[in-house]
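> Input: one structure, supplied below.
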Amino acid sequence: MIPRRLTTILLGPVAGVALVLATAAPAAAVTIEQKLSVMSSWSQPNSPSYNAWNGARLNQGAWTEYAFDWSTDFCSSSPDQPLGFDFRLPCWRHDFGYRNYKSVGAFPANKPRIDDSFYFDLKAKCATYSFWVRGSCYSLAWSYYQAVRAFGSAMVTKTDLDRAAQLKAEGLKAQAKASRPG
């Protein structure tokens, strides 16, 4: 009798938990409207939108139910860090917008805003660099923006890179001259 009673005592709670799990209602799935709303809030050309996207990027697990595509190839066939300017995060947010809007069939209507947000992000990144080299960064940002608007990916030319390199060299020379005493 003791073994049967022990089995009943041990299995009773397990069976109860299994019954509760089997009859619990599944979590509500994210609707396409909810997904589009979040994607829209994360693809605006402003700092709060960028900050919200970046916070989610750093905590992707909290967004698994949305099934977002967080993959990136950064700046595609263009340098991710041209002349030392780090464009990786602007390119990542741009990839996020393209990939996720394409996956829900809403890309063409949203492409202009995603591209404008990319340009906003690039300019914000350029603003973090020294005044002396910022012009060359802005020149590259414009080239990257024009490439995505025209081709859908950042494909800058050697001429674009050379022009920005020349601007950067001139800026560094002017900085050195300005910092010399007397």
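Numbering-wise (the working numbering), the sequence shown opens with residue 589 and increments by one.
The C-beta atom is built at its ideal place from N, Cα and C for all residues, glycine as well.
Keep in mind that this is a model prediction, so the values were computed, not measured.
1) If you reduce the DSSP assignment to three classes, tell me which class ASN688 lands in.
2) Which whole-angstrom value describes the C-beta separation of ILE762 and SER727, a residue pair presumed to lie in contact below a C-beta threshold of 8 angstroms?
3) Rounded to whole angstroms, what's the CA-CA distance from PRO678 to SER637? Just pull it up for me.
4) Closer than 8 angstroms by C-beta to GLN648: which residues in its own chain qualify, once you throw out the five before and the five after it? Chain order, please.
5) At the level of alpha carbons, what is the spacing between THR660 and LYS746?
6) Taking 8 angstroms as the limit between beta carbons, can you name the residues of its chain near TYR686, skipping five residues before and five after?
7) Suppose you measure from the CA of PHE706 to the CA of ARG676; what does that come to, to the nearest Å?
8) With 16 as the cutoff for other CB atoms within 10 Å, does ASP750 come out buried or exposed?
9) Between ASN634 and the rest of its own chain, which residues show a CB-CB distance below 6 angstroms, the 5 nearest in sequence each way excluded?
10) Can you check the stretch 609 to 697 for any alpha helix (DSSP H) of at least 4 residues that lies completely inside it and give the ranges in chain order?
11) Would you identify the three-state DSSP class for ARG701, choosing helix, strand or coil?
12) Can we say the stretch 621 to 632 touches the stretch 663 to 671, given the rule of at least three CB pairs closer than 8 angstroms?
13) Would you identify the three-state DSSP class for ARG768, choosing helix, strand or coil?
14) Whole-angstrom Cβ separation of LEU755 and SER718, contact assumed at under 8 angstroms?
Answer, in terms of the structure:
1) Correct three-state label for ASN688: helix.
2) The amino acid at residue 762 is misidentified as Ile; the sequence shows Ala. Between SER727 and ALA762 the Cβ distance is about 15 angstroms, and since that is not below 8 angstroms, they are no contact.
3) 12 angstroms
4) The residues are PHE656, TRP658.
5) 23 angstroms
6) Residues PHE695, LYS699, ILE702, GLY740 of the same chain have their beta carbon placed closer than 8 angstroms to that of TYR686, with the five preceding and five following residues left out of the count.
7) 11 angstroms
8) exposed
9) none
10) 620 to 629, 635 to 646, 676 to 691
11) Assignment of ARG701 by DSSP, reduced to helix, strand and coil, places it in the helix class.
12) no
13) Coil.
14) The pair is not a contact, with the Cβ atoms about 13 angstroms apart (cut-off 8 angstroms).
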